[in-house]
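Written out below as structure tokens is the structure these notes cover.
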Amino acid sequence: MKKIDFVHGYRFRKSLRALLCVFLCVCTGSFLTSCATVPKGTYLKSRSLSDISKVAIVASVSDPKVSYSTAKGYVSENLAPLAATGVAGLFLFLIAVSTEAGIRSGVDHGRAGEVKEHMDLSHLEEKVGQSFIQPLKKGGCFQVAEYLADKNQDVQQLSAKGYNAVVRLFVREISLKKIAGDNVRLDAYVRGQMEVFSTGKIVWDREEYVSSPEIHPLGYYQENGLKELDAMLEKAGRNLAYDFVYLK
Amino acid sequence: MKLVHIYLFRLVAGITLFLMFVGCTHTIKSADISTLQTGSPLKGVGSKTFSFKDFKDIRGTDAFLITAIGSHKYTLDQPVATVVAMSIRKELERNGHKYIAYSTQSNPDFIIEGTVYKYSLTMQSGLVSNTIIGNAAVKLTISRASADREVLAKSYQGEYRKDTFGGPHGVLKAVSNQALLEMVKEMSTDPELIAFLEK
């Protein structure tokens, strides 16, 4: 019996050590290597556009994130002053913090939901599409560059209509981030991508990050959110178009 | 467990503990900071000459320091103000403009002065992941070197955020460089600046 226990205990210790070793290896690896890198885009080259004369531009906006994140106020920060308060104090504090956070979060999510209600996604799509197309037309980048409201046309359909390429603009994230106190910043990420039909290649693919120039309380965005977003998307569309207009 | 495995285990544990608790200074090479590859309307402005008169760092910290997280310090190999000026210079040159060293005899089209008021990295620890936030901000005063001495004073800011699940050290460098590039892009695509240069 003792022998069996000993063997069992030995195996248990051995597997525990192996697990610990794996954990330590992962920790070491994460310290020594980069776990996340900055995404690299695919940038335009002048030869990529050599045989393109007619371009379709479509835009889509993903459902905006209304559950805005708190840039400050993570649990680790909230726990910092608690070192000396003892276990009872810790529990009371945690309950208070979570209750307050829950109430505030509920209110804030409700307000953020109202911000979302004011957003007309098709208007935003049109906005980013038009702000992208205007510099292209002004710069005479293509013989024809058209914004298509029907974003669901596939490559065959566009090709049959005489287009050589399609530029897809995705507003992939619109979010509200709490920055300082009750002040919130509106952020948006717009990704631009160009597919050339003759080769089937993506010759341009990069992202533009835009944010509201100033931070405001969440209530401000209930009234002015769309106006702020319009200006941001206009800037993003314009900056993306500069890749074509000022191509080397 | 073989003796060699025990030694290996101790070595891995030792390295991990060393990296976790022993502080060190991480230096980011300014030569590694790339240039933008995006289109800029600065290119549409006819070629101009420019000089940098003075670039100050008013952050109130060590001139080389970006941030200190715990016992780890992150610094640049050159003063922050120099690196910011260098990035702006690279962007102007990339778009066809020419840099002239400042002197009383030099006769550039524009004289640029800068005040770096933010250049930092912060880490927000979550329950599962960390968010690394890089910030860079400069106030530029651009004077036309003609008789009217017209001046444009404007601030440009760049921010970059990245979520990471492991240790942040590898990511910090990339985030810091990207925040600087975002700031340069803000300047490079500013319609007000373009209009001022074209005037």
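Heads up: the protein sequence lines correspond to chains H and S, in order.
The first sequence maps to residues 1 to 248 in this note's numbering.
The second sequence maps to residues 1001 to 1199 in this note's numbering.
Ideal Cβ placement from N, Cα and C applies to all residues, glycine included.
Just to confirm, are residue i and residue j a CB contact at a threshold of 8 Å?
{"i": "residue 241 of chain H", "j": "residue 128 of chain H", "result": "no"}
{"i": "residue 185 of chain H", "j": "residue 212 of chain H", "result": "yes"}
{"i": "residue 131 of chain H", "j": "residue 207 of chain H", "result": "no"}
{"i": "residue 1064 of chain S", "j": "residue 1114 of chain S", "result": "no"}
{"i": "residue 1138 of chain S", "j": "residue 1116 of chain S", "result": "yes"}
{"i": "residue 143 of chain H", "j": "residue 54 of chain H", "result": "yes"}
{"i": "residue 1163 of chain S", "j": "residue 1131 of chain S", "result": "yes"}
{"i": "residue 61 of chain H", "j": "residue 125 of chain H", "result": "yes"}
{"i": "residue 1141 of chain S", "j": "residue 1098 of chain S", "result": "no"}
{"i": "residue 215 of chain H", "j": "residue 180 of chain H", "result": "yes"}
{"i": "residue 1036 of chain S", "j": "residue 1185 of chain S", "result": "yes"}
{"i": "residue 1165 of chain S", "j": "residue 17 of chain H", "result": "no"}
{"i": "residue 1120 of chain S", "j": "residue 1078 of chain S", "result": "no"}
{"i": "residue 136 of chain H", "j": "residue 210 of chain H", "result": "no"}
{"i": "residue 166 of chain H", "j": "residue 42 of chain H", "result": "no"}
Which residues in chain H sit within 8 Å of residue i, going by Cβ to Cβ distance?
{"i": "residue 1040 of chain S", "result": "242 and 246"}
{"i": "residue 1037 of chain S", "result": "41 and 43"}
Can you list the residues of chain H that residue i reaches, using a CB-CB cut of under 9 Å?
{"i": "residue 1189 of chain S", "result": "235, 238, 239 and 242"}
Check the DSSP bridge columns for residue i and list the partner residues they point to.
{"i": "residue 232 of chain H", "result": "According to DSSP, which records beta bridges pairwise, residue 232 of chain H is partnered with nothing at all."}
{"i": "residue 207 of chain H", "result": "H:191"}
{"i": "residue 226 of chain H", "result": "Answer by DSSP bridge pairing: none, since residue 226 of chain H is not bridged."}
{"i": "residue 164 of chain H", "result": "Looking at the DSSP assignment, residue 164 of chain H forms no beta bridge with any residue, so it has no partner."}
{"i": "residue 1156 of chain S", "result": "S:1138"}
{"i": "residue 59 of chain H", "result": "H:169"}
{"i": "residue 1111 of chain S", "result": "S:1051 and S:1143"}
Mind pulling the chain S residues with CB within less than 7 Å of residue i?
{"i": "residue 189 of chain H", "result": "Those within 7 Å of residue 189 of chain H in chain S number zero; the least Cβ separation is about 11 Å."}
Keeping to the same chain, check which residues put their C-beta closer than 6 Å to that of residue i; ignore five residues upstream and five downstream.
{"i": "residue 1111 of chain S", "result": "1051, 1053, 1143 and 1145"}
{"i": "residue 279 of chain H", "result": "For chain H, the structure presents residues 1 to 248; residue 279 of chain H sits outside this window and is missing."}
{"i": "residue 1188 of chain S", "result": "1040, 1042 and 1091"}
{"i": "residue 1089 of chain S", "result": "1099"}
{"i": "residue 247 of chain H", "result": "44 and 46"}
Helix, strand or coil for residue i per DSSP?
{"i": "residue 1045 of chain S", "result": "coil"}
{"i": "residue 217 of chain H", "result": "strand"}
{"i": "residue 1178 of chain S", "result": "helix"}
{"i": "residue 1202 of chain S", "result": "The structure shown does not extend to residue 1202 of chain S, since chain S is modelled only from 1001 through 1199, so no value can be given for it."}
{"i": "residue 1032 of chain S", "result": "helix"}
{"i": "residue 1071 of chain S", "result": "coil"}
{"i": "residue 132 of chain H", "result": "helix"}
{"i": "residue 1025 of chain S", "result": "strand"}
{"i": "residue 946 of chain S", "result": "Past the boundaries of the shown model lies residue 946 of chain S; chain S is included only from 1001 to 1199, so the question cannot be answered."}
{"i": "residue 176 of chain H", "result": "strand"}
{"i": "residue 1171 of chain S", "result": "helix"}
{"i": "residue 1124 of chain S", "result": "strand"}
{"i": "residue 1163 of chain S", "result": "strand"}
Which chain H residues are close to residue i, counting only those with a beta carbon under 7 Å from its beta carbon?
{"i": "residue 1043 of chain S", "result": "246"}
Under 8 Å between C-beta atoms, does residue i make it to chain A?
{"i": "residue 1126 of chain S", "result": "The structure shown contains no chain A; its protein chains are H and S."}
Give every residue of the same chain whose Cβ lies closer than 7 Å to the Cβ of residue i, excluding the five residues on either side of it in the sequence, and list them in chain order.
{"i": "residue 948 of chain S", "result": "The question about residue 948 of chain S has no answer here: the residues shown for chain S are numbered 1001 through 1199."}
{"i": "residue 168 of chain H", "result": "58 and 193"}
{"i": "residue 1025 of chain S", "result": "1073 and 1075"}
{"i": "residue 1198 of chain S", "result": "1045"}
Kindly list the residues whose CB is nearer than 8 Å to the CB of residue i, restricted to its own chain and excluding five residues on each side of it in sequence; keep chain order.
{"i": "residue 1032 of chain S", "result": "1173 and 1177"}
{"i": "residue 1170 of chain S", "result": "none"}
{"i": "residue 35 of chain H", "result": "Its pLDDT being 45, under 50, residue 35 of chain H is placed unreliably in this model, and the value from its coordinates should be taken loosely. No residues qualify anywhere along the chain."}
{"i": "residue 164 of chain H", "result": "51, 52, 53, 54, 55, 196, 197 and 198"}
Sorry if obvious, but does the Cβ on residue i come closer than 7 Å to a heavy atom of the ligand HEM?
{"i": "residue 1185 of chain S", "result": "Annotation note on the ligand HEM: not contained in the displayed structure, which lists no ligands."}
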